[in-house]
Every structure is written in structure tokens, then in C-alpha cells.
Amino acid sequence: MSEVVRFKAYLRKADDGGMWAVVSTKDQDRQGDIIEPTAFSNLQEYLNTNPVILFAHNSWEPPVGKAIDGQITQNGLELKIKFAETEFGKEIKYLYENGYMNAFSVGVIPLEYEPVEKGGYRYKKVELLEVSAVPIPANRRALVLRSMDGKLGIDKVDEKMNDGSGAAGGDKTKRPKSREVGKVAERIKRHVHIIGD
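Heads up, the sequence shown is in the numbering used here, so the first residue is 7 and it goes up one at a time.
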């Protein structure tokens, strides 16, 4: 199998104004596929050589941004994204900041995988080629995290987002209280593993 496979995820804002996007989760998406968080064997190479952020997987157009940092968590892959200072890059950034777009997607080449019971594949090793800003995610949890007033800028993660209940989107959406969010963020920070040297 040498085709490019794409997965969707969600976004949160970093303290310094960059945007951290959870570009892949270990959840099964609507197409039945699962990508293991540790599958991104070339993350450091991607970050060091060609960390492009495309629009809708369109490699025929210039990138709308670049990934400037990345990390693997127990639940997925996160990238820190900086949008390009081009007209289109600024437009895409505006769409995220104002809630018109909410998702990201990764383009990968599968290297090791196996079928899963309900259809689709479990990807154990992939080559990360690109990440895209996308209007519609395949992963129902592929949503932007927003503050209580609806603005992009929450930098804490709701524990429900990672427990399989679907509280990050869909019918079960609940907003955490700010003190709960802080506690959850501290727990998550203890479990984050940074890919690097």
C-alpha cells in the first residue's frame, strides 16, 4: 500500500500566539481508520526538513503555514503551527480564529498497518508528508478547542476529549469549568513525550 492516507483532528492556541493543533488522535475515524500516536516515526525529520501546512491537501498550491514544533502525547500527535504572512495564509488563520474552520488533517504514507474489526486499518508506522487545514474532519473529535466566550485561545485540554466520551464535539459537548481544565492540563503535561534528539 503506497497511497497517502489522511486523518483529521482539532486545534488550540499556544501561549505565544502560535496554534497547537492535535493533528492525529488514536480514535477510530468515520472511515474506520486508527493511527497510533507512536506511528509518526519521521516527525523530527518532517519538522527539520519540510514542515508544510497545506490547505485541503492541495500540494499544487503554496503552503498556508508551517509546523514549528511537535510532540507525541499518549492520545495523538500535536504540532505547533505558524500561518504564512501571505494573503491566503492570513485568510486561513482568520477563519480558524473566528470559528469558520475548526479542523486539521495529516497526509501520511502507511508503512506498517493491520485491518481492524469494524473495517479500516490500524496504522502502526507511517511517514508524515504534510498537515492540512481542512473545512470538514473525518474524525468527529477533530474540533477546535475554544474558550467559554467562543474565542480561539483556550490552552488547556478538556479531559473528556481524551476519554472516548465524545465531549469534545457532537451531541455530548460540555464545557469544563476553568479550575477543572487547569487540573486536566497539569495531568496531561505529565504524560506528554516530546519527539526529538
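Where a beta carbon is used, it is the ideal one built from N, C-alpha and C, also for glycine.
Quick caveat: nothing in here was measured; it's all calculated off a predicted structure.
Looking at the structure shown, is residue i part of a helix, part of a strand, or coil, going by DSSP?
i	result
Asp177	Residue confidence is low: Asp177 scores 35 on pLDDT, short of 50, so the model does not pin down where it sits. No coordinate-derived value is stated.
Gly95	helix
Asp84	Contrary to the premise, residue 84 reads as Glu rather than Asp in this sequence. Strand at Glu84.
Thr44	helix
Gln34	coil
Tell me the rounded alpha-carbon separation between residue i and residue j.
i	j	result
Thr25	Val122	Correcting the residue type first, residue 25 is Met in the shown sequence and not Thr. One C-alpha to the other measures close to 32 Å.
Ala90	Val70	5 Å
Lys124	Gly38	7 Å
Val140	Ala45	22 Å
Val112	Glu93	23 Å
Glu67	Leu60	8 Å
Val132	Val28	17 Å
Pro57	Asp35	24 Å
Thr79	Phe110	17 Å
Ile115	Tyr102	27 Å
Asp33	Ala144	11 Å
Gly50	Ile40	Just to set this straight, residue 50 is Gln in the shown sequence, not Gly. Cα to Cα, Gln50 sits roughly 21 Å from Ile40.
Lys86	Glu97	18 Å
Asn104	Tyr52	29 Å
Around the C-beta of residue i, are 16 or more other C-beta atoms found within 10 angstroms, so that it is buried, or is it exposed?
i	result
Lys88	buried
Ser108	Residue 108 is actually Asn in this sequence, not Ser. Buried, by the Cβ-count rule.
Ile142	exposed
Lys99	buried
Glu84	buried
Gly95	buried
Ala129	In the sequence under discussion, the amino acid at residue 129 is Tyr, which differs from the Ala named in the question. The residue is buried, with at least 16 neighbouring Cβ atoms inside 10 Å.
Tyr211	As displayed, the chain neither begins before 7 nor continues past 203, which places residue 211 out of reach and without an answer.
Met154	Only weak support is given to the placement of Met154: the predicted model assigns it a pLDDT of 48, under 50, and the value that follows is read from those uncertain coordinates. Exposed, by the Cβ-count rule.
Quick one, are the C-beta atoms of residue i and residue j less than 8 Å apart?
i	j	result
Pro43	Gly82	yes
Ser65	Glu136	yes
Leu134	Asn48	yes
Ser138	Ala73	no
Tyr127	Glu118	no
Shorter than 7 Å, the distance from the beta carbon of residue i to the closest heavy atom of the ligand ADP, or not?
i	result
Ser65	As far as ligands go, the structure on display features none, and thus does not contain the ligand ADP.
- Can you give, in chain order, each stretch of the beta strand (DSSP E) that sits fully within the region 109-141 and has at least 3 residues? 109-121 and 127-140
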